[in-house]
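Heads up: the structure comes next, in structure tokens.
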Amino acid sequence: MGCILPRKSGSNFRGMISMEKKDFFNRMAESWDERFYTPEMRERLPQLVPLFHLQRGARVLDVGAGTGGIIPYLLESIGPEGSIWAVDFAEEMVRIGRMKFQKESRVVFELSSVE
């Protein structure tokens, strides 16, 4: 026989799962680019961006931006008039992203959750 949790308990459970995810991404942040943005991935990203149909001067919202691995390709697509608002829920991902793009005025990293 299954157990039905009260709504409040279910909400707490979802919150715990979110904290586990956040902790995971915070722990992985330092090595994220090395692990995820492999040479093969970097080769594929330029092929992916045109599928977004971005126009020059576009304002882009990058949800789950991580450390910003796709941002250089987005910047190339939107040109000097465009801008990117990069959002992630993991503090370390945002910290690293901000460091990587600190000289790029068209990119703003924000710590936020979309849940």
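Read in order, the letters of the sequence shown are residues 11 to 125 in my numbering.
The beta carbon of each residue, even a glycine, is placed where N, CA and C say it ideally should be.
For Leu-121, the enclosing beta strand (DSSP E) stretches over residues 117-121. Between Met-38 and Arg-105, the alpha-carbon positions lie close to 13 Å from each other. With distances taken between CA atoms, Arg-116 lies nearest to Ile-94 out of Ser-87, Trp-42, Phe-99, Ile-94. Short of 8 Å from the beta carbon of Ile-80, and not among the five residues preceding or following it, lie these beta carbons of its own chain, in chain order: Leu-55, Leu-58, Val-59, Asp-72.
In the structure shown, the three-state DSSP call for Ala-75 is coil.
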